[in-house]
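*Asks:* Here's a structure for you.
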């Protein structure tokens with residue numbers, strides 16, 4: 019019976035050999051598509067390092083470039099305004115030459131480039147930047163409030179993902195949740211209609227809090243009128259160590275919401291559900307945010323941020339001043355995340371900290387079914 023004791027060791031050996039075989043199969047790509055080969059090698063190294071190693075030896079798959087920190091909205095759930103109501107007052111524009119420097123620096127090494135802000139489309143040279151990044155071979159994504167779509171429509175065809183933050187289903191909810199005028203709301207609708215007529219794919223995102231759960235059905239009905247290819251539901255990130263508004267699977271109304279959502283069928287678009295805060299103490303305590311392993315966040319002056327929820331700090335690093343992905347402060351922060359001693363105010367209830375626990379629940383319109391339902395979610399609602 020000694021062989022039974024060796025099963026874990028044999029399993030480890032088999033997995034090791036399979037991993038090496040997958041690696042060997044990649045090498046022909048080196049001679050036919052060096053960029054794709056590099057992306058896949060980096061992806062392998064990411065999965066080996068994420069949540070385990072504070073120092074990384076690869077290029078992350080994505081850069082998010084905040085080309086401006088000006089914003090024409092004042093959203094009630096804005097992650098930056100929750101921490102500082104004056105955060106956008108001093109926002110400027112990244113110099114085109116600086117963006118060109120960044121784009122050239124990482125071209126062929128990092129696959130995805132996300133435009134963000136503030137509101138990225140307010141940058142007077144946004145279209146030039148988009149064309150440059152497209153020509154350099156990046157896969158382009160953007161997070162936008164949609165208010166300036168008609169002014170940048172000529173480059174929207176270059177984007178892989180256009181994520182439009184709606185958080186509303188009519189003008190009154192738009193004004194309440196997004197803090198902008200009816201004139202701006204009509205501009206957004208005009209842009210949505212143009213994209214629909216010109217077959218430009220886009221996604222809607224909605225931030226959900228416990229008080230907004232009753233509006234979710236209205237968000238879905240509104241979305242049906244404009245036909246996005248996907249709805250992204252997010253949980254409010256409060257930047258507090260406790261909050262009654264965060265979606266926690268231990269709360270009865272949150273469980274009921276998920277149960278009703280997972281019964282929805284025959285929808286014309288895909289849906290991605292938010293990560294609820296798990297009630298299992300061990301799962302909650304040990305969850306690790308993957309953001310500082312998978313993305314480089316670069317702000318308008320070149321300063322680096324730990325993630326998309328936190329402001330940049332020169333002390334973390336600056337892309338124009340030798341930042342190499344492993345600055346002392348970045349390595350220290352990754353290690354804190356590994357050790358579970360991250361800043362509770364910012365990270366404890368952030369939905370992104372639970373991304374590595376299990377995949378989030380998704381509805382696939384082409385199959386008319388829900389999949390990837392996390393076990394800690396299905397155990398609670400069934």
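Numbering (our numbering), first residue to last: 19 to 400. The beta carbon of each residue, even a glycine, is placed where N, CA and C say it ideally should be.
#1: May I ask you to report which of helix, strand or coil DSSP gives residue 382?
#2: Alpha helix (DSSP H) containing residue 142: first to last residue?
#3: Taking the alpha-carbon of residue 135 as reference, which of 270, 161, 375 and 149 has the nearest alpha-carbon?
#4: Identify which residue in 129, 316, 339 and 292 has its Cα closest to the Cα of residue 330.
#5: Report all residues from its chain with a CB closer than 7 Å to the CB of residue 152; omit the five preceding and five following residues, and keep chain order.
#6: Let me confirm a value: residue 361 is counted as buried when at least 16 other C-beta atoms fall within 10 Å, else exposed. Which label applies?
#7: To which residues of the same chain is residue 373 closer than 6 Å at the C-beta, ignoring the five residues directly before and after it?
#8: Counting C-beta neighbours from all protein chains within 10 Å, is the total for residue 363 16 or more, i.e. buried, or is it exposed?
#9: Within 10 angstroms of the Cβ of residue 142, are there 16 or more other Cβ atoms? Answer buried if so, exposed if not.
#10: Helix, strand or coil, according to DSSP, for residue 303 in the structure here?
#11: At which residues does the alpha helix (DSSP H) containing residue 203 begin and terminate?
#12: Just the Cα atoms here: how many angstroms apart are residue 79 and residue 312?
#13: I need the DSSP call for residue 377, collapsed to helix, strand or coil.
#14: Measure the alpha-carbon distance for residue 352 versus residue 128 and round it to whole angstroms.
#15: From residue 63 to residue 344, what distance separates their C-alpha atoms?
#16: Verify whether the separation of the beta carbon atoms of residue 245 and residue 214 is less than 8 Å.
#17: Quick one: is residue 20 buried, meaning 16 or more other Cβ sit within 10 Å of its Cβ, or exposed?
*Replies:* Considering the structure as presented:
#1: strand
#2: Note, residue 142: premise wrong, no alpha helix (DSSP H); not H, not E.
#3: 161
#4: 316
#5: 158 and 176
#6: exposed
#7: 308
#8: exposed
#9: exposed
#10: helix
#11: 200-215
#12: 6 Å
#13: coil
#14: 20 Å
#15: 15 Å
#16: yes
#17: Low per-residue confidence applies at residue 20: pLDDT is 48, beneath 50, and the placement is therefore not dependable enough to give any value.
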